[in-house]
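Chains as they are written, first to last, in the working numbering: chain A, 1 to 319; chain B, 320 to 638; chain C, 639 to 903; chain D, 904 to 1168.
Yeah, the Cβ is synthetic: ideal placement off N, Cα and C, and Gly gets one too.
Reviewing the structure listed below.
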């Protein structure tokens, strides 16, 4: 099967529209699809509806750049670099975005339901919490624009008379899933190394799957170890070659997260002015990944380059 | 963590009791945990309650030897060697076993619910079929002896007003899951190569997990590629080293299924007398895997030995 | 007098129904031949997958079981039952499932479970396996049957796998938002389903038989008014099937003899 | 005058609550130190896992995030969020989760979502992440808090993660068949929950503070009648923590100074 290989610019142009519901791959400081995220910002896509579990540098950037209208999430932060994402917090408090809170289990079960074609998922996790009792989305938007009719419902266990109450959660079927992988075969087979987070479920649940990758490798090579592969070739709609495509977040076996850049971002994300400077300095000017990486600089890239045996950069100054 | 390594005889003695609900790993002619199954028969365990998706040589043997009282399954056969298992068919028609029919998706969803601690799973697969409308288990046994109160229920989608009816399925939490893997690390980490069927879900759902394996390898070696591993070390309760432990079914990368033996079995499984001969010839006499393999013979084992590049025995006469 | 067998024309007839890019849920036997020959002839980007979890194996040797280690080699991904069965219903893909059964009714509903009842069983078959799931969730289903009156019945003893249910719009009303049988391929003919009533009708009969024979082997009233004779397999189709797909004739069985080999079916 | 910091005694106090064989759901920060030091001192068969899917990594370097690539190395298995979160509730295992929060009430219920309401928010925190799931499904929960009145509140602005709910039997009645907070470890003390009322009480205060100070920093009535002074960390505990667990002091922060370093907390 021919690989549908294209540039990030073309992928955004072809597949991402204002108002789309987007599932972002990765987790806080790991494998965020940053090249695609910067390109979405450059093309000034608006009103995105993000569905994520724990994001993350990519979500911070998208929210900060004004691309986002609505978010369903479990966690909005960049780990130690911003335990609560500055742009996320500000947008929430200023009400420039609508936020619906779930737990990580809820969100991953919802992606799993979408991936498996199940009508809903049931769990007891979160019973009697405010995650169940309160809703961040307005009642008016329920049932419109891909917003599920119900955030969730609490019902009696229909099978077990002693089962008590359970939470049922609606499936997620995003318009687009964007993820960053280490390898894609030249017919599209996708391999994520290390933890997959919920990337695989998100991709299977989505109508369109866009994968950026460190390397494209021959399909017959990637098929020599099919136990290691993450998505079959026909599920990947577009592939973008993106070396260091997750920078400043990590990509196991290729590079670590970039503490220098994440600290710089943290400081610039606090205030609106500074954040505008960040976009002008780090996002808008670059029409290619190569140009962006020149700005990052070879010295920084060498610092975060992963040790082949360990998959991260040992001894990296992470303060 | 110290590996709880033991003989098959000790594993049956310690972990398997009359009446237990057992999930068998493997699928028709692949990775059936045959050493353990022969040992269960040798120790004359009775009234087992098998929960399987598509079994298989192992189930045939257990039913034929009179160890089984009750089965929940989706498929009872040995692929081309017995599209319907002879012993399964006879026991069903003679009513020496009770059988409840589900689909493969139903059974795997039920294992998945057990593995994930979910109260139930919902699907539309099978709506309005006799899988939903009829029950093979007597009403009297429902709610007793681990038999779920309801085979399943059809309810209205609680979240989507246009969702129509859905089937909700009770989780499976077997007493014991028995599976055969290629590798176990010497602290217990388990690696299945090739297709995992529902073995991983079955193990996670079970109270006790018994793994037979081709090889025990150093834990630090098996942990060099943790993306490939199937179960964490602490989930494995007992490990039995069993070279050719799935014979006459296949074990990817080690050996193919044994067409000579499966044809011999097929012919001997048709009639009660012949089947008794099979047990006397192939099951009861052997108190070790080595003794059984001597009986199989080195010539047959060489024929089915897997080619290292392909994982099966190319050119094997499979008629 | 035919230079092909019934198995051969069955595999090729089913193969002709495959479109390029289809995601094919194959069992073993003829369905694998049909899928493979379609890929080699006109649908190179069709993907074959198995309910056991093997997705797009190289199939250098024919698997004899869906759990054959041959379905795990050269695959795009080796996964699990639950993943493979979930793929069946994926709305992005035209998933086509090949199924067989012990009984079929005029709406393409299938029985692969039992004859009689649980209380008074007369015969036992293996059960659904993934068939009920494929019939419920796939984009379409192609059914292989041996054409015998006792198999083509007025009323199933047990409805294992949903076809067009009771015809008309009943499948959708039963809760299935897509799917349903596309064709029934037997050792005598190819049958399809009326667009409105969803009742089976004879579409093409093989050159070595005739509509009357087909009707007489069918246990319910069969519309034969639209029947045409099937075009026989071409030399190149036969060559691909025989030398490229099943050279050992593991599934095809014996070559046609100087007698019309197909007569024996 | 103490030769240890508040962070050090917090990590060691929490570590002492770990039993050998526990399956530890760790976040980053102090919880990872607590888990790791327990493994090195008295619970060698305890397993550390992360909600991201890394199960029992070698932790040669301390991860600074649960998605740090350092949680993917030397693991028994690398898996996914949904697998790791499912493990939390596995009835076979004594899973112990370490959690933190912005607010806690006297029953150990936690808020890590917001202050105010969705309509009128005053502050935003990251949200549940896996905390609600851990608090719902784990065998037990150990909570880390900075001890401040504004964090120990009469009433949470938002109940993110269920503790003992409204005390007594209410957690079980809410639908949780196990779990609940075991202890709250702060920079001043270790608090536990009354067996019957499930209300928080002061169990051990650190040598550099006293029950009165603890009570004054707590925004609800706290039972201090059962309070004992904690035994200070031993030399060998401190040595293991400092040289074996966090030699770079990435999480521990500055060494104690000649002043009683802990005073600053």
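Quick one: list the residues of chain A neighbouring residue i, beta-carbon separation under 7 Å, in chain order.
i: residue 872/D; result: Since the first and last residues shown for chain D are 904 and 1168, residue 872/D lies out of range.
i: residue 968/D; result: 28, 29, 79, 80
i: residue 512/B; result: 227
i: residue 472/B; result: 158, 159
i: residue 975/D; result: 194, 195, 252, 311
By alpha-carbon positions, which one of the options ends up nearest to residue i?
i: residue 1032/D; options: 119/A, 312/A, 72/A, 163/A; result: 72/A
i: residue 942/D; options: 1147/D, 1064/D, 1128/D; result: 1147/D
i: residue 288/A; options: 12/A, 4/A, 39/A, 31/A; result: 39/A
i: residue 825/C; options: 804/C, 855/C, 808/C, 838/C; result: 855/C
i: residue 681/C; options: 888/C, 834/C, 661/C; result: 661/C
i: residue 765/C; options: 418/B, 637/B, 467/B; result: 418/B
i: residue 908/D; options: 964/D, 1064/D, 1109/D, 1040/D; result: 1109/D
i: residue 270/A; options: 46/A, 16/A, 91/A, 47/A; result: 91/A
i: residue 309/A; options: 286/A, 261/A, 281/A, 252/A; result: 252/A
i: residue 929/D; options: 990/D, 1049/D, 1160/D, 906/D; result: 990/D
Name, please, each residue of chain B whose Cβ falls closer than 7 Å to the Cβ of residue i.
i: residue 978/D; result: 542, 545
How would you list, in chain order, the residues of chain B whose beta-carbon sits under 8 Å from the beta-carbon of residue i?
i: residue 814/C; result: 443, 446
i: residue 170/A; result: 478, 479
Using C-beta distances below 8 Å, list every residue in its chain close to residue i, excluding the 5 sequence neighbours before and after it, in chain order.
i: residue 842/C; result: 651, 827, 828, 865, 866, 867, 868
i: residue 1024/D; result: 1017, 1018
i: residue 532/B; result: 499, 500, 501, 502, 503, 509, 558, 559, 560, 561, 564
Rounded to a whole number of angstroms, what is the C-alpha to C-alpha distance between residue i and residue j?
i: residue 189/A; j: residue 1105/D; result: 57 Å
i: residue 953/D; j: residue 374/B; result: 35 Å
i: residue 450/B; j: residue 87/A; result: 52 Å
i: residue 693/C; j: residue 276/A; result: 47 Å
i: residue 18/A; j: residue 66/A; result: 12 Å
i: residue 550/B; j: residue 891/C; result: 42 Å
i: residue 847/C; j: residue 717/C; result: 43 Å
i: residue 900/C; j: residue 653/C; result: In this prediction, residue 900/C has a pLDDT of 44, which is less than 50 and means its spatial position is unreliable; what the coordinates show is noted afterwards. Using only the alpha carbons, I get a separation of about 19 Å.
i: residue 361/B; j: residue 602/B; result: 7 Å
i: residue 108/A; j: residue 412/B; result: 44 Å
Leaving out five residues on either side along the sequence, give the residues of the same chain with a beta carbon under 6 Å from the beta carbon of residue i.
i: residue 152/A; result: 167, 169
i: residue 6/A; result: 238
i: residue 304/A; result: 255, 256, 258, 313
i: residue 513/B; result: 571
So which residues of chain B does residue i contact, with C-beta pairs closer than 9 Å?
i: residue 120/A; result: 441, 476, 477, 478, 479, 482, 485
i: residue 44/A; result: Result: empty, since nearest Cβ-Cβ is about 34 Å, beyond 9 Å.
i: residue 643/C; result: Correct list: empty, because the minimum Cβ distance to chain B is about 17 Å.
Give a yes or no on whether the C-beta atoms belonging to residue i and residue j are separated by under 8 Å.
i: residue 345/B; j: residue 527/B; result: no
i: residue 978/D; j: residue 537/B; result: no
i: residue 924/D; j: residue 949/D; result: yes
i: residue 770/C; j: residue 448/B; result: yes
i: residue 321/A; j: residue 975/D; result: What is shown of chain A runs 1 to 319, which leaves residue 321/A out entirely.
i: residue 735/C; j: residue 749/C; result: no
i: residue 1122/D; j: residue 1066/D; result: no
i: residue 1077/D; j: residue 1045/D; result: no
i: residue 164/A; j: residue 1039/D; result: no
Could you name the residues of chain A that residue i contacts, counting a contact when the two beta carbons are closer than 8 Å?
i: residue 468/B; result: 159, 160, 161
Quick one: does the C-beta of residue i sit closer than 7 Å to a heavy atom of the ligand NAP?
i: residue 201/A; result: This structure simply doesn't include the ligand NAP, nor any ligand for that matter.
Given that residue i touches chain C, what residues does it touch there, using C-beta distances under 8 Å?
i: residue 231/A; result: 715
Report all residues from its chain with a CB closer than 7 Å to the CB of residue i; omit the five preceding and five following residues, and keep chain order.
i: residue 875/C; result: 650, 679
i: residue 402/B; result: 396
Which chain A residues sit within Cβ distance under 9 Å of residue i?
i: residue 685/C; result: 1, 232, 233, 234
At 7 Å on the CB atoms, spell out the chain D contacts of residue i, in chain order.
i: residue 53/A; result: 984
Could you list which residues in chain C have their beta carbon closer than 9 Å to that of residue i, in chain order?
i: residue 207/A; result: 729, 730
Could you tell me whether the Cβ of residue i comes closer than 8 Å to any Cβ of chain G?
i: residue 432/B; result: You won't find chain G in this structure, because its protein chains are A, B, C and D.
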